[in-house]
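If you count the sequence shown from 1, position 57 lands on 1314 in the working numbering, and the numbers rise without skipping. Backbone N, C-alpha and C define an ideal beta-carbon position, used for all residues, glycine too.
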Amino acid sequence: RRVVLTGGASQLIGVRELAQRILGRDVTVRLGRPRAVRGLPETAAGPGFAGAVGLLAWAAGEGRPLLDLAPAAPPRDGWVGAFLRWVRERM
């Protein structure tokens, strides 16, 4: 029921109306704008930068699933642990 357009082409005149006509009248179409990011210039606040800023935010950890944030298991001691680590690294 809702569509968000991003990218430079989303700023073309009539694109929202065209998307609404193609997708159906009951669909809400809006322009996506990136969140404010400290250090980026004011000119990077438009829809043309939404995809790039979103990817930067994801790479910084904002969009990762919780499983990616779990700490690794502590390494096992001894030659058995060293052997198991060696096998895991090569598989």
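Tell me where the alpha helix (DSSP H) around Val-1286 begins and ends. Counted as a single uninterrupted DSSP element, the stretch harbouring Val-1286 is not any alpha helix (DSSP H) but the beta strand (DSSP E) occupying residues 1285 to 1288.
With DSSP run on the structure shown, which of helix, strand or coil describes Val-1294? DSSP places Val-1294 in coil when its eight states are reduced to three.
Which residues in the same chain as Ala-1266 place their Cβ atom closer than 7 Å to its Cβ, once the five residues preceding and following it in sequence are excluded? Close CB contacts of Ala-1266 within its chain, under the 7 Å cut and outside five residues either way in sequence, are with Val-1272 (chain order).
How about Gly-1271: is its Cβ closer than 8 Å to a heavy atom in the ligand SAH? Absence of the ligand SAH is noted for the structure shown, with no ligands found whatsoever.
Alpha carbon to alpha carbon, how far is Ala-1276 from Leu-1269? Give it in angstroms, no decimals. Spanning the two alpha carbons is a distance of roughly 12 Å.
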